[in-house]
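Protein chains in written order, with this note's numbering: chain A, 29 to 530; chain B, 29 to 530. Just below is one structure, and these are the notes that go with it.
Protein chains: 2
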Amino acid sequence: MSTPQQAFDELKKLSKELTLVRSIDAVLGWERETYMPPKGEALRADQSAYLSGLHHRLFTQPRFGDLLAEVEASELMNDPDVAVNVREWRHAYDRAVKVPTELVEETTHTAVMAHSAWVEARKKIDFSVFQPHLAKLIDLTRRKAEYIGYEENIYDALLDEYEPGETTANVARLFRNLRAGLVPLVQAIAESPVRPRTEVVHREYAVDRQRVFAEAASAALGFDYLGGRLDTVTHPFASRFGPGDVRITTRWNPRFFNEAFFGVLHESGHGLYEQNLPAEHFGTPLGESVSLGIHESQSRLWENFVGRGRAFWRHFFPRARQIFPRVLDDVTMDEFYFAVNAVEPSFIRVEADEVTYNLHIMLRFEIEQAIIAGELDVADIPGAWNEMFEGFFGIKVPDDSQGCLQDVHWSFAGFGYFSTYALGNLYAAQFYARAKEDVPDLEERIALGDFAPLLHWLSEHIYSQGMRYRSRQLVERVTGQAPSHEPLMAYLHAKFGELYQL
Amino acid sequence: MSTPQQAFDELKKLSKELTLVRSIDAVLGWERETYMPPKGEALRADQSAYLSGLHHRLFTQPRFGDLLAEVEASELMNDPDVAVNVREWRHAYDRAVKVPTELVEETTHTAVMAHSAWVEARKKIDFSVFQPHLAKLIDLTRRKAEYIGYEENIYDALLDEYEPGETTANVARLFRNLRAGLVPLVQAIAESPVRPRTEVVHREYAVDRQRVFAEAASAALGFDYLGGRLDTVTHPFASRFGPGDVRITTRWNPRFFNEAFFGVLHESGHGLYEQNLPAEHFGTPLGESVSLGIHESQSRLWENFVGRGRAFWRHFFPRARQIFPRVLDDVTMDEFYFAVNAVEPSFIRVEADEVTYNLHIMLRFEIEQAIIAGELDVADIPGAWNEMFEGFFGIKVPDDSQGCLQDVHWSFAGFGYFSTYALGNLYAAQFYARAKEDVPDLEERIALGDFAPLLHWLSEHIYSQGMRYRSRQLVERVTGQAPSHEPLMAYLHAKFGELYQL
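As structure tokens, this is what we get:
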């Protein structure tokens, strides 16, 4: 017979082991995208599949459930740290054991082929190539959702994977309000006679100089290059191996300044969160990030609220002029600041500006719900997408590669993922507004190149908390307000009202 | 009840799993040396320790032994492929289970501290800092050897780890004969009035140009950069992750041509062996390399017999002149060829030339045997080393950092390792002599930049065989001669006799 304390200690040990296995796989995944030679693909797939299988076997062993039940029934649950870890272990364990292993394997297998089909469909601009694979993934996803279970809406079971505890109804309400505010703002900007000189960000920016500038900026924000690296990839991402080792990546475009620079700030935001999680809790939920939405709030906060802010460029524009000699001789700081904040309806989500970005997400949220609810047939996705897009943006989608084929997510059955991007924007606005209240000279300090007050505020209120609170709770505790569209709309109105003289 | 075939299939599956675990650890180890940021050290150590532990647990489970015994007692052993795999599984399994886990762990733990002490001792040039750690490692190594067991000599148990099946008595006989030939040759060279213009390899060779040249040369030999990479490290090595992914590394010295160039050819030799192992046997001994000695025979063959050969420079010297403009304008091919083959007694093994290199190994072989036999006290190692060194080379060791503290091997308890370096040289000479007999125009082809005949010959006779034969057997089968010093001495006499006009 073990005591509850022994059971808890064993759970911690298992949790640490599971975390190490995932962290090893993170190294393999990062290396695959950065340096692996082409012929290494098959072996790397075997290595990763082995680690996934090992993780699954370790996690779903009945012993894990038995230990959890023992701790849950004990007085140890009065310890808040124990309670948090047990809550999150239970959540993940239930999700893992409820879905039959065969279904997981079939989904993995289908996704591999679906991904290739998606790549081909996008290249050929032919949705029908992807359609049968997508249909199968939707069917498998619906079955998974049924196994997991839900109260109101089948889509809740999917959302819960990426934003634990959040519901479709909540998100729908937030998005409805946000859309009501965004559509007239987009309209007003479109009608404004004031336009930025966007050509200034499309001049020749030498890649080696871009790297120096972007690394210097991310280091100034607080990204620690002794415990991290910046590497070059095709599709940028951030990856945390564990304490002391967080990797960020980007791609370089010599003719478009924004792409790498704001990309690096974005990934640095993810990186700052990961670098400042409590290392002493590594291996347990208390040492992990809350959710994709909270994660995205940090990438967006550092990229947009900080990096696309006037205070930031007060400090960095003179440095940009030094680092890119002659390129910016005829450009003022105000013109540059306006150029990096140009608003323009566009077809591609990842290239969208701060104002129109969220409309891209809402469109996907609507379509996904209809797909999963069985209200939209797979064959009808392109038509529904294009119609809705014109309604949201007022422009016609020219072809499916710029429409429903543009995102990778569905090809790996990532239904429920998109909304976390827009939630991240809402949370970021709430956190940033609160940080400005708590630190009255926040932006004066930023204008001096001093990001420490902001980093300390975020570390104290968010990063150091690990998974102590679910996203909704965290937002409420930190900002005194439930998740809301209002701070984001207030921020956008103030910033773009001034820029476009609305 | 299982059939022997089922038992064999299960062994193959376990063996594949063990290989994958090791191959994942190889990725982590390579990344640690190439790209990992400094603060990632502790996490990486945890990750690697986890994989080592997993490998040990999987390998030493009694099930593995039971399955082995079942196959060994069956008629399956008449299948030569089965017999090879079972022989090697048995060899490794017995070594793994004979040594108690606690002893393995204590050795690992001691080695970590011993390594730091060795680094410090070397820096401070103070053997006493390393001495107590070395004493403990020697004690642990002796205990390990006793657990493993041996027939004649305790040192056999150690040698058997790196050169399976080879004995101290065999190696001692080979080395005695080799030494009897080498000492007068070194003497004759020292007395020759003919000297190379060594300054030509110490001119300014731009590192980016060196990289282009070295990569081009290794690709010409046959190293496949679609299934491999060359990266920069402090201590160069080659690492095979598995089929399709073999990594080589080097370090660059802008003022010494030989260091990176011949280093890359050396590691390419290891890489060519690994890239041409039979991929269909990956995960079993038939898909693995024979021993450290055979491995070193390939790095040495490509580095020295090919890369330091006259035929090679007939093709590559004109290219070197193009790639390093002006650097070699006043140098003839013959002068360059002589300069990269300069013979000079020196203190540091890794910098030694082809002739004196083996004397460095013999010295270590003698000292190690005395240490392990308990005939040489740890405190007396520096004295014994320096005395023996003067006897071998005729020069006085100035301090221990250029003497018994120069090599890393003892700090990880790698006793028995060194002799494989000299065995590699002997085998290389035997293989190369035989290849020239079988392919009469071998060196004319090399002089035309065509290395395919040699690579094909080596692939057919050595690489494609995996572990089918132990090293001694392999050398006998391929060359018709047991391991011998004669082909190496004949090669050295011919080459250096001509260069130094002896």
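Idealized CB from N, CA, C, for every residue including glycine.
Please state whether DSSP places B:Ala266 in a helix, a strand or coil.
-> Taking the first residue of the second sequence as 1, we reach residue 266 of chain B at position 238. Looking at B:Ala266 - three-state DSSP - the assignment turns out to be strand.
Taking the DSSP output, what are the residues bridged to B:Asp273?
-> Against the second sequence, residue 273 of chain B aligns to sequence position 245. Per DSSP, B:Gly270.
Using a Cβ cut-off of 8 Å, pull out every chain A residue sitting near B:Glu59, in sequence order please.
-> For this step, residue 59 of chain B is matched to residue 31 along the second sequence. Per Cβ cutoff of 8 Å: Val55 and Glu59.
Contact belief for A:Pro224 with A:Phe366 at Cβ below 8 Å, rounded distance in angstroms = For the purposes of this step, residue 224 of chain A is identified with residue 196 of the first sequence, where counting begins at 1. For the purposes of this step, residue 366 of chain A is identified with residue 338 of the first sequence, where counting begins at 1. So it is a contact: roughly 4 Å between Cβ atoms.
B:Asp122 in three-state terms, based on DSSP | The count along the second sequence starts at 1 and reaches residue 122 of chain B at position 94. DSSP places B:Asp122 in helix when its eight states are reduced to three.
Apart from the five residues just before and just after A:His20, which ones in its own chain have a Cβ nearer than 6 Å to its Cβ?
-> The question about residue 20 of chain A has no answer here: the residues shown for chain A are numbered 29 through 530.
Any C-beta of chain B under 8 Å from that of A:Val376 | For the purposes of this step, residue 376 of chain A is identified with residue 348 of the first sequence, where counting begins at 1. Looking at the sequence provided, one finds Ile at residue 376 of chain A rather than Val. Not one chain B Cβ lies under 8 Å of A:Ile376.
Identify whether B:Asp259 lies in helix, strand or coil by the three-state DSSP scheme.
-> What you label residue 259 of chain B is simply residue 231 of the second sequence in a count that begins at 1. B:Asp259 falls in the strand class under three-state DSSP.
Could you tell me which of A:Val211, A:Ala244 and A:Ala173 sits nearest to A:Val383, measuring between CA atoms?
-> As a position in the first sequence, residue 383 of chain A is number 355, starting the count at 1. Comparing Cα-Cα distances from A:Val383 to each of A:Val211, A:Ala244 and A:Ala173, the minimum goes to A:Val211.
Complete alpha helix (DSSP H) runs within the stretch 189-242 of chain A (minimum length 4 residues, chain order) | 196-219
Along chain A, in chain order, which residues have C-beta atoms closer than 9 Å to that of B:Ala234?
-> On the second sequence, position 206 is the one that residue 234 of chain B refers to. Neighbours of B:Ala234 on chain A: none; closest Cβ ~17 Å, over 9 Å.
The stretch 59-78 of chain B / the stretch 494-504 of chain A touching (three or more Cβ pairs under 8 Å) | no
To the nearest whole angstrom, what separates the beta carbons of B:Pro271 and B:Ala244, a pair I think is in contact under 8 Å?
-> Taking the second sequence and counting its residues from 1, the one referred to as residue 271 of chain B is at position 243. Taking the second sequence and counting its residues from 1, the one referred to as residue 244 of chain B is at position 216. Their Cβ separation, rounded to whole angstroms, is 24 Å, which puts B:Pro271 and B:Ala244 out of contact at 8 Å.
Should B:Leu258 be flagged as near chain A, meaning a C-beta pair shorter than 8 Å?
-> Position 230 of the second sequence, counted from the first residue, corresponds to residue 258 of chain B. By this cut-off, B:Leu258 is not an interface position.
Reference B:Arg118; option with closest CA among B:Leu320, B:Asp94, B:Ser487 and B:Val359 | Translated into positions along the second sequence, residue 118 of chain B becomes position 90. Taking only the C-alpha atoms, the option nearest B:Arg118 is B:Asp94.
Terminal residues of the alpha helix (DSSP H) in which A:Val140 lies = Position 112 of the first sequence, counting from 1, holds the residue named residue 140 of chain A. Thr129 to Lys152 is the span of the alpha helix (DSSP H), which, as asked, contains A:Val140.
Indicate the three-state DSSP secondary structure (helix, strand or coil) for A:Thr169 in the structure shown.
-> Your numbering for residue 169 of chain A matches position 141 in the first sequence. Note: A:Thr169 maps to helix in three-state DSSP.
The stretch 270-287 of chain A: positions lying closer than 9 Å to chain B by Cβ = Gly270, Pro271, Gly272, Asp273, Val274 and Arg275
Could you tell me if A:Gln509 is buried or exposed, where buried requires 16 or more neighbouring beta carbons within 10 angstroms of its beta carbon?
-> In the first sequence, the residue the question calls residue 509 of chain A occupies position 481. A:Gln509 should be labelled exposed.
Residue range of the unbroken alpha helix (DSSP H) whose run includes A:Ile376 | Working through the first sequence from its first residue, we reach residue 376 of chain A at position 348. Counting along the chain, A:Ile376 falls outside any alpha helix (DSSP H), and DSSP gives it neither H nor E.
Hey, is A:Tyr253's beta-carbon within less than 8 Å of any beta-carbon in chain B?
-> Reading the first sequence from its first residue, position 225 is the one you call residue 253 of chain A. So yes, A:Tyr253 belongs to the interface.
For B:Thr312, does the three-state DSSP call read helix, strand or coil?
-> Here the question's residue 312 of chain B lines up with position 284 in the second sequence. It is coil, neither helix nor strand.
Do you know offhand how far B:Ala163's Cα is from B:Gln75's?
-> Position 135 of the second sequence holds residue 163 of chain B. Position 47 of the second sequence holds residue 75 of chain B. Spanning the two alpha carbons is a distance of roughly 29 Å.
Beta-carbon proximity list for B:Asp357, same chain, < 8 Å, skipping 5 on both sides | Taking the second sequence and counting its residues from 1, the one referred to as residue 357 of chain B is at position 329. Excluding sequence neighbours, B:Asp357 sits near Arg349.
Roughly how many angstroms lie between the CA atoms of A:Phe265 and A:Arg275, to the nearest whole one?
-> Position 237 of the first sequence, counting from 1, holds the residue named residue 265 of chain A. Position 247 of the first sequence, counting from 1, holds the residue named residue 275 of chain A. The straight-line gap from Cα to Cα measures roughly 8 Å.
Span separating the alpha-carbon of B:Pro353 from that of B:Glu232 | For the purposes of this step, residue 353 of chain B is identified with residue 325 of the second sequence, where counting begins at 1. For the purposes of this step, residue 232 of chain B is identified with residue 204 of the second sequence, where counting begins at 1. Taking the straight line from one Cα to the other gives about 11 Å.
Cβ neighbour criterion (16 or more within 10 Å) applied to A:Ala518 | By one-based count along the first sequence, residue 518 of chain A stands at place 490. The residue in question, A:Ala518, is exposed, as its Cβ has fewer than 16 Cβ neighbours within 10 Å.
Please report how far the alpha carbon of A:Val99 lies from the alpha carbon of A:Gly193, in whole angstroms.
-> Residue numbering aside, residue 99 of chain A sits at position 71 when the first sequence is read from its first letter. Residue numbering aside, residue 193 of chain A sits at position 165 when the first sequence is read from its first letter. Taking the straight line joining both Cα atoms gives about 22 Å.
Examine chain B for any beta-carbon lying closer than 8 Å to the beta-carbon of A:Lys67, and answer yes or no.
-> Residue 67 of chain A sits at position 39 when you count from the first residue of the first sequence. Yes, its Cβ sits closer than 8 Å to a Cβ of chain B.
Can you give the Cα-Cα distance for A:Phe155 and A:His437, rounded to whole angstroms?
-> The sequence position of residue 155 of chain A within the first sequence is 127, counting from 1. The sequence position of residue 437 of chain A within the first sequence is 409, counting from 1. When rounded, the distance between both Cα atoms is 15 Å.
Report the option in B:Glu59, B:Tyr190 and B:Leu476 whose CA atom is closest to the CA atom of B:Arg257.
-> By 1-based counting over the second sequence, the position of residue 257 of chain B is 229. Selected option, being the one with the closest Cα: B:Glu59.
Is there a Cβ from chain E that is less than 8 Å from the Cβ of A:Asp74?
-> The chain inventory of the structure shown lacks chain E, comprising the protein chains A and B.
Assigned secondary structure, B:Thr278 (DSSP; H/G/I helix, E/B strand, else coil) = Along the second sequence, one-based indexing puts residue 278 of chain B at 250. Correct three-state label for B:Thr278: strand.
Are the stretch 336-351 of chain B and the stretch 132-141 of chain B touching by the rule of at least three beta carbon pairs closer than 8 Å?
-> no
How many whole angstroms separate the CB atoms of A:Arg72 and A:Leu82, which I take to be in contact at a CB cut-off of 8 Å?
-> Position 44 of the first sequence, counted from the start, is the residue given in the question as residue 72 of chain A. Position 54 of the first sequence, counted from the start, is the residue given in the question as residue 82 of chain A. So it is not a contact: roughly 16 Å between Cβ atoms.
Contact list for A:Ser51 against chain B, beta-carbon separation under 8 Å = Working through the first sequence from its first residue, we reach residue 51 of chain A at position 23. Per Cβ cutoff of 8 Å: Leu71 and Gln75.
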